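In case it helps, mature numbering (1 follows the signal peptide of the UniProt record, and there is no 0) puts the sequence shown at residues -21 to -1, 1 to 504.
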Amino acid sequence: MKTIKITYTALALTFSALTLSSCSEYLDTLPDNRTTIDTEKKVANLLVSAYPHSSNLLINETMSDNADYYGDKNPNGDRFGDQVYFWQDVTESDNESPMRFWLSCYDAIASANQALASIEEMGGAKTEALQTSKAEALLCRAYAHFLLVNEFCMNYSEGSKALGIHYSDKVENITEKHNRGTVAEVYARIEQDLKEALPLVTDNYTVPKYHFNKRAAYAFATRFYLYYEKWNEAVKYADMCLGSNAAATLRDWKAMSEMTSDFDAISQHYVAADVAANLMISTHVSQLGVFFGPYTYFKRYAHGSYISNNEDFEATNVWGRGGFYYKPFSRRGNNFDVVQIWKLPYLFEIDDPVARTGLPHTVNVVFTTDEVLLNRAEAYIMLKQYDKAAADLDMWMHNIVKTDVTLTPEKIQNFYKSVPYSYDDASKMASTVKKHLHPAFAIDAEGSVQETMLQCVLGFRRMETLHQGLRWFDVKRYGIEIVRRTMGPDGKPATLTDVLKKDDNRRAVQIPLDIRQAGVEANPR
């Protein structure tokens, strides 16, 4: 296990520069008001800043059931980490904080809005280049709002009046209070932007995978419509993304298993633009490569051996036990216990060679074909097209696991019916690969074909997206109740400290304090 010393000087300066400006102006009028955006090239260049450069991955992974607590005496944590892990309102400043993420998303929205306004001032999207930019701007605006509404609000459910977030669709300074509206209204606005963008989207970029190219746009639409509970639309866009030979587009886990077990090599290969499974890639100012890499830092909260052995990678599953082509990195010792898939490289950009200070970066794969395949499987399950769902689940399984098992609806149902639910033991802490589901939308009874197949797809997607923050959204969407437990010296749960119930208001991350002080309504607590 590596030890790393973090230089915070540049991080503190970066965060201070953001927060010292008036908090009531968290959307700029112009991303750079010294420049007039009046050519195709300037519009395209502006859209580089229409993607959030801060991440919610650490927040989401730490809040989800992908992390256990290894005790307040464990030195590899801090107050910020404790606040996030225990679902508290975050008051600590950090480069991975909700405040930083909020500002980054609205900065991206401001850039997208300026690009759209500039296109209109130039007479509209009358050229292919401007049509490409318009599509990208609309998709970026939709995506940033999608991130915000899922992070800072309760999950979408039809008819819900849960508080949303302000949907910004024009160049503006926010100097007055804005009505947050509802989550349902935000989703409707996202769909409007998505529908306008999709017919215009192209692959006309120098490096398409750092932009909303066609297949990335279809992947976003698939995820969006899955969360929007429009199952047929989710299937439609998954089909458009995956094409007629989905298996050929999936990640080559066999090839990864043959690589040298080196963090830098594996993590950088995982995010490479030439990997067919990677549909869109994003860079972030972040220490995620440290948090989810072979370093001791932040390991007070970790996806450790107990979770792996009982809930995901090393647990008995529908195909048996273990058998992965690429074996997760696993190590247990003094003050650390981790099981990881190396996905997020640690890259440090030195801006002062003398002082050796700078900014840590990482690269994240935002959309993959593997996730799209599992999203389609979930949509098929909700449509009760169980054979099609089983075929997608079987395809995913055989791509990542060495097994002779062929999945069928009956085989999946029989396996999951034989497994007890997590937290049903006397301690309320013991885990299995199955947890009670309480979605706002209707599903069949526990033990049914539909419910057991949902258990399967949720478990598969949990492994597929480990360290990438998406498990938290499944916890929210399916009303999965999860615990906060402190692990003992033997690596097993020792103390139960909290339970997140299905309707707990803490499922919506609190609006950052500075933003609330600027007049934005707080989430209920």
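Positions of the beta carbon are idealized from the N, C-alpha and C atoms, including for glycine. Remember, predicted model here, so these are calculated numbers, not experimental data.
- In the DSSP assignment, A473 falls within the beta strand (DSSP E) that extends over P472 to L479.
- The beta-carbon distance between H157 and V499, rounded to whole angstroms, is 7 Å. This is short enough to meet the 8 Å contact definition.
- Taking all protein chains in view, the Cβ of E389 is surrounded by fewer than 16 other Cβ atoms within 10 Å, so the residue is classified as exposed.
- Y359 is positioned such that its CB atom lies no closer than 7 Å to that of V428.
- In chain order, L229, D349, L352, L353, A356, F439 and E443 place their CB closer than 8 Å to the CB of W375, counting only its own chain and leaving out the 5 sequence neighbours on each side.
- Apart from sequence neighbours up to five positions away, the residues of its chain that approach F65 with a beta-carbon distance below 7 Å are R463 and D477, ordered along the chain.
- Between the stretch 203 to 214 and the stretch 323 to 343, the count of C-beta pairs closer than 8 Å stays below three; the two stretches do not touch.
- For N343, the enclosing beta strand (DSSP E) starts and ends at T336 to T347.
- Looking at the DSSP output, E328 bridges to L338.
- For A256, the secondary structure class from DSSP, reduced to helix, strand or coil, is coil.
- A Cβ-Cβ contact shorter than 7 Å links A141 with C132.
- Sorting S223, E164 and L258 by C-alpha distance to the C-alpha of H190 places L258 at the top.
- According to the DSSP assignment, T431 belongs to the alpha helix (DSSP H) that extends over V428 to E443.
- In the displayed model, L362 falls within coil according to three-state DSSP, outside both helix and strand.
- Per the C-alpha coordinates, the member of R58, F80, L173 and S309 positioned closest to E71 is R58.
- Annotation for S309: the continuous beta strand (DSSP E) segment containing it runs F308 to G312.
- Linking A89 to S112 through their CA atoms gives a straight-line distance of about 15 Å.
- For A141, the three-state secondary structure derived from DSSP is coil.
- Residue environment for E99: exposed (fewer than 16 other C-beta atoms within 10 angstroms of its C-beta).
- Under the DSSP definition of a beta bridge, R463 partners with D477.
- According to the DSSP assignment, Q110 belongs to the alpha helix (DSSP H) that extends over E107 to F131.
- A straight-line Cα-Cα distance of about 17 Å links V317 and D51.
- No Cβ-Cβ contact shorter than 7 Å links A195 with A114.
- Here M238 is exposed: its Cβ has fewer than 16 other Cβ atoms, across all protein chains shown, within 10 Å.
- Taking S236 as the centre and dropping the five residues before and after it, the same chain places the C-beta of Y304 and Y305 closer than 6 Å to its C-beta, in chain order.
- Assignment of alpha helix (DSSP H) within the stretch 165 to 220, counting only whole runs of 4 or more residues, yields 193 to 206 in chain order.
- Shown here, N296 sits in a strand according to DSSP, grouped into three states.
- Rounded to the nearest whole angstrom, the C-alpha separation of M101 and T18 is 8 Å.
- Counting only residues of its own chain and dropping the five nearest sequence neighbours on each side, V398 has a CB closer than 7 Å to the CB of T411, V412 and K413.
- Per the C-alpha coordinates, the member of A421, A409, D469 and I490 positioned closest to D44 is A409.
- Per DSSP, the continuous alpha helix (DSSP H) segment holding Q62 begins and ends at R58 to Y64.
- By the CB criterion at 7 Å, T201 and Y216 fall inside the cutoff.
- With contacts defined by Cβ atoms closer than 7 Å, A369 and L386 form a contacting pair.
- Judged by DSSP secondary structure, D316 falls outside any alpha helix (DSSP H) and instead within the beta strand (DSSP E) spanning F315 to Q319.
- When C-beta atoms of the stretch 208 to 227 are compared with those of the stretch 282 to 299, fewer than three pairs fall below 8 Å, so the two segments do not count as touching.
- Contact annotation: N55 and Y276 have beta-carbon atoms nearer than 7 Å.
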